[in-house]
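Q: Mind having a look at this structure? Questions to follow.
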Amino acid sequence: MVIHLHDTRIFRLAQVEKCPISVWHSANQCAILFHGRFCPPIIKKRFVILKKLSRKTLSNVLNFLLIIGTILIVIILGARSGDLPSAWQALIHADKAWVLGALISCAVFILFETLLLHVFYRFQHVPARFSASLIATLIGMFYSGITPAATGGQPMQVVAMSKRKVSSGVTSSALAVKFFCFQSALLLMGAALWLLFRDFAAQHIGAARWFVYAGFLLNGSAVLLVILLCISRHTVHKLLFSLLKLLCRVRLIRREELWRTRLENALSDFHESVRMITKHPLQLLVLLLIACVQVLGLMSVSFCVYRALGLSALSYAHILTLQLLLYIGAAFTPLPGASGAQEGGFYIIFSAVFPDGTLLGALLLWRFFTYYLPTLLGLGGVIFDSVQTIRGNLTQTENNSAQSADLP
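Just so we're aligned, residue 14 is where the sequence shown starts under this note's numbering, counting upward by one.
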């Protein structure tokens, strides 16, 4: 049997296991040859783990390069249009009080997302600390920010809370309810302000209206799916599995059985969450109000940036309307942090709001507080969680060693 030498640990493991092996090299390859058909299961397992890790690492690197590439494209386009020097001047002379306001808005967004998760735990009588909910929120922000369509956030939050003795089922339900409340608050506020300022919105959205329509359709479908679960779980089950079969038939998705299992688990979690919601409407109202404050915190950053650059012609409600429509339109873009869609949408929708020379600076400042700063804070949460895990493992090992030493 031949296993490519992705890591020298496999070779050392083979030596420890005393396997009959030889190593051969070529111009660009190195492999271990196991003589005969015997390859110890422990080495096969290590090889599979390393292969998965290498794929995950490659995916993370590509996502990171995509994010960096988006920033560079924005800066290059700004430099070619001659906006870069004026954007730099706008950032230097930005009103520090309003920049601080943008920072506070970002903090409100993070704290109320944490509060939404924590209050759900309290409603379910789960003794989780607020600090644990905060760490889980930061971890979710980091992995949501670096994975396509924010798919990596929720699984890692489940893992983080499992380390803190909160069952994965409860956390999955909490995240499902949090998603429903956030999407509902976002759509209700966006639709209400769009109707209230429809002429103003039409003037600034222009050709991007189809982008906004698609956003309302996709976001609304997610909320309607949850509501439909309240009415008929069987209908949702049949609909989603028919869609899965279609995607497998056109080869957009492989390994149908794996996806079928994942979908079954997700539907079970969502159904449990919906059952909790329908039983306690007052609790749902509280969570929705928290989600509204969370949405306002995130959406207020653009108004703070607007005022920081010395502009005051438009009211808070007008800027909030445009920002909500932009976020709804870009929310389901299948790229890390909705990169490209957020920047492009900002250029189109806010081009008439920010004068020439300040648009690029406004974009960079807004994107920093709404995406890069939360992702960096999330990275801090990931590091803190890793340190806590290592310390916990070391303490457990020391306790086990002490108990072994006490035995006669």
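The C-beta atom is built at its ideal place from N, Cα and C for all residues, glycine as well.
Between the beta-carbon of Q170 and the beta-carbon of G158, is there less than 7 Å?
A: no
Q: In chain order, what residues of the same chain have a beta carbon less than 8 Å from the beta carbon of L311, not counting five sequence neighbours either side?
A: S118, C119, F122, Y340, T383, listed in sequence order.
Q: What is the rounded straight-line gap between the Cα of A321 and the Cα of V179?
A: 42 Å
Q: Under three-state DSSP, which class holds A344?
A: coil
Q: Taking only three categories from DSSP, how would you classify V139?
A: coil
Q: L188 to M202, Cα distance in whole Å?
A: C-alpha separation (whole angstroms): 21 Å.
Q: What's the C-alpha gap between L298 and L252?
A: 29 Å
Q: Can you tell me where the alpha helix (DSSP H) holding D212 begins and where it ends?
A: 211-218
Q: Between the C-alpha atoms of F192 and T127, what's the straight-line distance to the nearest angstrom?
A: 13 Å
Q: Going by CA-CA distance only, name the one from S315, A149, I403 that's closest to L338.
A: Put simply, of S315, A149, I403 the residue whose alpha carbon is nearest the alpha carbon of L338 is S315.
Q: Tell me whether the beta-carbon of A198 lies closer than 7 Å to the beta-carbon of W207.
A: no
Q: Using the three-state DSSP reduction, which class does S180 fall into: helix, strand or coil?
A: coil
Q: Is it the case that the segment 367-374 contacts the segment 221-230, given that we only count it when at least three CB pairs across the two stretches are under 8 Å?
A: no
Q: Mapping DSSP to helix, strand and coil, what is V366?
A: coil
Q: Buried or exposed: where does R380 fall if 16 or more other Cβ atoms within 10 Å of its Cβ makes it buried?
A: Under a 10 Å Cβ-count criterion, R380 is classified as buried, with 16 or more other Cβ atoms of the shown protein chains found around its own Cβ.
Q: Would you mind stating whether A354 and N232 have Cβ atoms separated by less than 7 Å?
A: no
Q: List the endpoints of the continuous alpha helix (DSSP H) containing Y422.
A: Because the chain here runs from 14 to 421, residue 422 falls outside it and cannot be looked at.
Q: In terms of residues, what are the limits of the alpha helix (DSSP H) holding V299?
A: 294-321
Q: Ordered along the chain, which non-local residues of its own chain (more than five positions away) have a Cβ less than 6 Å from that of I303?
A: F125, L128, L129
Q: Pull up the CB-CB distance for H217 and V366, whole angstroms please, since I reckon it's below 8 Å.
A: 7 Å
Q: Quick one: what's got a C-beta closer than 8 Å to R267's C-beta in the same chain, skipping five residues either side?
A: C261
Q: Between G342, S146, L257, which has its C-alpha nearest L276's C-alpha?
A: If we check each option's Cα against that of L276, L257 comes out closest.
Q: Cα-Cα, which of L309, L327, L377, Q296 is closest to Q196?
A: L309
Q: Taking the straight line between their C-alpha atoms, what separation do you get for K292 and W111?
A: 43 Å
Q: In angstroms, rounded to a whole number, what distance separates the CA positions of G323 and D108?
A: 7 Å
Q: Quick one: Cα of Q401 to Cα of K176, how far?
A: 10 Å
Q: Whose C-beta lies closer than 6 Å to the C-beta of I332 among residues of the same chain, with five residues either side of it excluded?
A: S315, F316, Y319, listed in sequence order.
Q: For D398, is the classification buried or exposed, using 16 other Cβ atoms within 10 angstroms of its Cβ as the cut-off for buried?
A: buried
Q: Could you tell me if G394 is buried or exposed, where buried requires 16 or more neighbouring beta carbons within 10 angstroms of its beta carbon?
A: Here G394 is buried: its Cβ has 16 or more other Cβ atoms, across all protein chains shown, within 10 Å.
Q: Classify L271 as buried or exposed, calling it buried when 16 or more other Cβ atoms lie within 10 Å of its own Cβ.
A: exposed
Q: Kindly list the residues whose CB is nearer than 7 Å to the CB of R404, restricted to its own chain and excluding five residues on each side of it in sequence; keep chain order.
A: Within the same chain, no Cβ atom closer than 7 Å to the Cβ of R404 is found once the five residues on either side in sequence are excluded.
Q: Please name the residue, chosen from R273, G182, P294, that lies closest to Y134 on a Cα-to-Cα basis.
A: G182
Q: Using C-beta distances below 7 Å, list every residue in its chain close to Q307, excluding the 5 sequence neighbours before and after it, in chain order.
A: F122, F125, E126, L129, F195
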